[in-house]
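Participant: If you scroll down you'll find the structure; I have some questions about it.
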Amino acid sequence: MKKILVVENHPVALKLLVEFLKRQGHEVITAEDGLAALKILQQITPDLIFTDLIMPNINGEKLCQIIRNRTELKHLPIIIYSATELEDEINILKLGADVCIAKGPFKNTETHIALVIKHIDNGTLHELKGQILGGESLYKRHITSELLFARRHYEHIINSLPEGVIECTLDGTIFHVNTAALTLCGLGEENLLSSCFFDLFLEKDREQLRTLLNTVGPEPLIINETAPLLLNNKMITIHFLPSIDETRAFVVAIMRDITEHKQMEERLRESALTDELTGLFNRRGFMTLAKTLLKISARDNTDLLLVYADFDNLKWINDTLGHTIGDQALIEVATLLQDTFRLADVVGRLGGDEFVILYTDNSAIGNEETIRNRLSKSIEKANRMTTRQYPLSLSVGMGRYEHLAPCSIDDLLHQADRAMYKNKAAKKARHQDGYNH
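With my numbering applied, the sequence shown corresponds to residues -15 to 421, in that order.
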């Protein structure tokens, strides 16, 4: 008699397999997916494992790899029991399994199972190594191939993201990670999967994370740039996206490494590279940080947007109302820009009436008109809510940094400056046209 772990989420296939094994006198333990199987393997060590490939949470492929990377389990016989071996074109040995039994007519399956167990009893399982038993009577199904292609395409996209992505249950059990998350955590996939998300962080931060996941609702929760967490000696922000499938709720944690950004901000503060009047980065501070962000964008294959804003009526304010009022106006413009853009964006005053913003939200780049409209609404709101003697008016130009066609920060400034002057000229033309009429 053997102790056999069966990992299968399809109830009919599970019932047939379990009943057959029990009739043969074996003790059978079941798990609905790879995540449940790993929890069982923490308590017991079976004599062999039957596992499906396509399952929620941790799939059969990942389960095999994790088992083979654990010293106490690496010699455990693993039998793939799958209905997609033809469409998936699986390499049994590459997965870390010993042999595959194709899901076909169950009478044939019983014969193949008995054969595999006989070889295990005789110590001759190596004779079946890498074989697919029962595959000769099957044929590829087009719809299954399409679904498997879609799954692989999704995994490729997720693994290409620069942000780390971890999917976990509401109690923090990790069941999916992308490549960037492995790099952020400094751990292998076999160590991360089925581990606790909270344990990745400092003890002082774990209770905060537990509370966040326990209170997650329909809206995303964010740990932002103002209070980043430390993960593997890196400062990160986290967006928690609630999600749900047919069986349970879970959370997708999207993690962004802002260590370089924060370190650069600290260096800028230490060097006092800020404008004394407005508190924004001055020209030197802005240029220093912008050059670093351009290098990061080129490395990470992301784009940036530079917004150049000229305070149209500052000269009139200074000449008519005095420089004290002019300084107040500059401070108001600086506050308006900081309120309009995100903390992650770099806002600077180049000097005089010239302001500049380096917009780092890669998902919004290409929506320049949206950004322009948001800034216009902020200006309109500011002009409605004050009794001061002057309106705020900004001429705006934008330049895009594209990682496929990189340029220097000076070139980007010239590009945005030219666009700003076009905007200023168009406003003057509209004003003149209205005056003539």
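Built from N, CA and C at the ideal position, the CB exists for glycine as well. Quick caveat, the model's predicted, so the values are computed rather than measured.
Pick out whichever of Lys408, Tyr385, Phe339 has its Cα sitting closest to the Cα of Gln399.
Facilitator: The residue given as residue 399 occupies position 415 in the sequence shown. The shortest Cα separation from Gln399 among Lys408, Tyr385, Phe339 belongs to Tyr385.
Participant: Do three or more CB pairs link the segment 228 to 245 to the segment 142 to 160 at distances below 8 Å?
Facilitator: Yes, the segment 228 to 245 touches the segment 142 to 160.
Participant: Roughly how many angstroms lie between the CA atoms of Ser281 and Thr93, to the nearest whole one?
Facilitator: Translated into positions along the sequence shown, residue 281 becomes position 297. Translated into positions along the sequence shown, residue 93 becomes position 109. Between Ser281 and Thr93, the C-alpha separation is close to 54 Å.
Participant: Near Ala328, what residues of its chain come up, given a Cβ to Cβ distance below 6 Å and the 5 sequence neighbours on each side ignored?
Facilitator: The residue you call residue 328 lines up with position 344 of the sequence shown. Correct list, in chain order: Glu209, Thr344.
Participant: Identify which residue in Ala409, Gln322, Leu225, Thr276 has its Cα closest to the Cα of Ile393.
Facilitator: Reading the sequence shown from its first residue, position 409 is the one you call residue 393. Checking every option, the nearest Cα to that of Ile393 belongs to Thr276.
Participant: Who are the near neighbours of Phe181 in its chain, counting only those whose CB is closer than 6 Å to its CB and skipping five residues on each side?
Facilitator: Translated into positions along the sequence shown, residue 181 becomes position 197. Correct list, in chain order: Cys152, Gly156, Ile158.
Participant: What are the boundary residues of the alpha helix (DSSP H) that His307 is part of?
Facilitator: As a first step, residue 307 is located in the sequence shown; it is residue number 323 there, counting from the start. Looking at the DSSP string, the run of the alpha helix (DSSP H) that includes His307 is 307 to 324.
Participant: Could you spell out where the beta strand (DSSP E) holding Gly107 opens and where it closes?
Facilitator: Within the sequence shown, the letter at position 123 stands for residue 107. Counting along the chain, Gly107 falls outside any beta strand (DSSP E), and DSSP gives it neither H nor E.
Participant: Since Val2 is in the alpha helix (DSSP H), which residue starts that stretch and which ends it?
Facilitator: Stepping through the sequence shown from its first residue, residue 2 is reached at position 18. -5 to 7 is the extent of the alpha helix (DSSP H) around Val2.
Participant: Mind checking who Pro226 pairs with in its DSSP beta bridge?
Facilitator: Translated into the one-based positions of the sequence shown, residue 226 becomes position 242. Paired residue(s): Val235.
Participant: Would you list the residues sitting across from Leu290 in a DSSP beta bridge?
Facilitator: Counted from its first residue, the sequence shown places residue 290 at position 306. Leu342, Gly383.
Participant: Determine the direct distance from the alpha carbon of Thr262 to that of Leu273, and round the result to whole angstroms.
Facilitator: The residue given as residue 273 occupies position 289 in the sequence shown. The residue given as residue 262 occupies position 278 in the sequence shown. Spanning the two alpha carbons is a distance of roughly 18 Å.
Participant: Are the beta-carbon atoms belonging to Gly18 and Gln49 less than 7 Å from one another?
Facilitator: If you number the sequence shown from 1, residue 18 lands on position 34. If you number the sequence shown from 1, residue 49 lands on position 65. No, the pair does not count as a contact, with Cβ atoms beyond the cut-off.
Participant: Quick one: Cα of Gly449 to Cα of Ile315, how far?
Facilitator: Since the first residue of the chain shown is -15 and the last is 421, residue 449 is not available in this structure.
Participant: So Lys(-13) is in the alpha helix (DSSP H); what residue range does that whole segment cover?
Facilitator: The residue you call residue -13 lines up with position 3 of the sequence shown. From DSSP, Lys(-13) is part of no alpha helix (DSSP H) but of the beta strand (DSSP E) over -13 to -9.
Participant: What number of angstroms, rounded off, separates the C-alpha of Thr14 from the C-alpha of Val(-9)?
Facilitator: Your numbering for residue 14 matches position 30 in the sequence shown. Your numbering for residue -9 matches position 7 in the sequence shown. Distance between the alpha carbons of Thr14 and Val(-9): 6 Å.
Participant: Under the three-state reduction of DSSP, which class applies to Thr428: helix, strand or coil?
Facilitator: Only positions -15 to 421 of the chain appear in the structure, and residue 428 is not among them; the question remains open.
Participant: Could you give the C-beta distance for Glu147 and Val161, rounded to a whole number, given that I count them as a contact under 8 Å?
Facilitator: Taking the sequence shown and counting its residues from 1, one reaches residue 147 at position 163. Taking the sequence shown and counting its residues from 1, one reaches residue 161 at position 177. That belief does not hold up - the Cβ atoms of Glu147 and Val161 are roughly 12 Å apart, past 8 Å.
Participant: What is the DSSP secondary structure of Ala86, counted as helix, strand or coil?
Facilitator: Residue mapping note: residue 86 aligns to position 102 of the sequence shown, counting from 1. It is a strand residue.
Participant: Which residues bound the alpha helix (DSSP H) around Cys48?
Facilitator: Numbered from 1 along the sequence shown, position 64 holds the residue referred to as residue 48. That run of the alpha helix (DSSP H) goes 44 to 52.
Participant: Less than 7 Å between C-beta atoms, sequence neighbours within five positions excluded: which residues of the same chain meet that for His103?
Facilitator: Your numbering for residue 103 matches position 119 in the sequence shown. Cβ within range, chain order: Leu109, Glu111, Leu112.
Participant: Quick check on Val161: does DSSP put it in helix, strand or coil?
Facilitator: Start at 1 with the first residue of the sequence shown, and residue 161 comes out as number 177. Strand at Val161.
Participant: May I ask which residues mark the beginning and end of the alpha helix (DSSP H) holding Ser362?
Facilitator: Sequence index remark: in the sequence shown, residue 362 carries index 378 (1-based). 352 to 368 is the extent of the alpha helix (DSSP H) around Ser362.
Participant: Where does the unbroken alpha helix (DSSP H) through Ala211 begin, and where does it stop?
Facilitator: Taking the sequence shown and counting its residues from 1, the one referred to as residue 211 is at position 227. Where Ala211 is concerned, there is no enclosing alpha helix (DSSP H), given that its DSSP letter is neither H nor E.
Participant: Does the count of Cβ pairs from the segment 281 to 294 and the segment 395 to 413 closer than 8 Å reach three?
Facilitator: The segment 281 to 294 is in contact with the segment 395 to 413.
Participant: Return the CA-CA distance between His59 and Leu186, expressed in angstroms with no decimal places.
Facilitator: For the purposes of this step, residue 59 is identified with residue 75 of the sequence shown, where counting begins at 1. For the purposes of this step, residue 186 is identified with residue 202 of the sequence shown, where counting begins at 1. One C-alpha to the other measures close to 35 Å.
Participant: Would you identify the three-state DSSP class for Gly269, choosing helix, strand or coil?
Facilitator: Working through the sequence shown from its first residue, we reach residue 269 at position 285. Note: Gly269 maps to helix in three-state DSSP.
Participant: Output the boundary residues of the beta strand (DSSP E) element that contains Leu32.
Facilitator: Numbered from 1 along the sequence shown, position 48 holds the residue referred to as residue 32. Leu32 -> beta strand (DSSP E) spans 32 to 35.
Participant: Output the boundary residues of the alpha helix (DSSP H) element that contains Thr195.
Facilitator: Residue numbering aside, residue 195 sits at position 211 when the sequence shown is read from its first letter. Element bounds for Thr195: 187 to 198.
Participant: Give a yes or no on contact between the segment 401 to 415 and the segment 360 to 375, applying the rule of three or more CB pairs nearer than 8 Å.
Facilitator: Touching, no, given that fewer than three Cβ pairs across the two stretches are closer than 8 Å.
Participant: Could you tell me the alpha carbon to alpha carbon distance between Gln26 and Thr354, rounded to whole angstroms?
Facilitator: Translated into positions along the sequence shown, residue 26 becomes position 42. Translated into positions along the sequence shown, residue 354 becomes position 370. For Gln26 and Thr354, the distance between alpha carbons rounds to 52 Å.
Participant: Just the C-alpha distance for Gly201 and Glu191, rounded to the nearest angstrom, thanks.
Facilitator: The sequence position of residue 201 within the sequence shown is 217, counting from 1. The sequence position of residue 191 within the sequence shown is 207, counting from 1. Their backbone Cα atoms lie some 18 Å apart in a straight line.
Participant: Are the CB atoms of Gly269 and Leu257 nearer to each other than 7 Å?
Facilitator: Position 285 of the sequence shown, counted from the first residue, corresponds to residue 269. Position 273 of the sequence shown, counted from the first residue, corresponds to residue 257. Taking 7 Å as the Cβ cut-off, Gly269 and Leu257 qualify as a contacting pair.
Participant: Let me make sure I understand the geometry here. Which of Arg356, Leu298, Ala86, Thr304 has the alpha-carbon closest to that of Leu321?
Facilitator: If you number the sequence shown from 1, residue 321 lands on position 337. When each option's Cα is compared against that of Leu321, the closest is Arg356.
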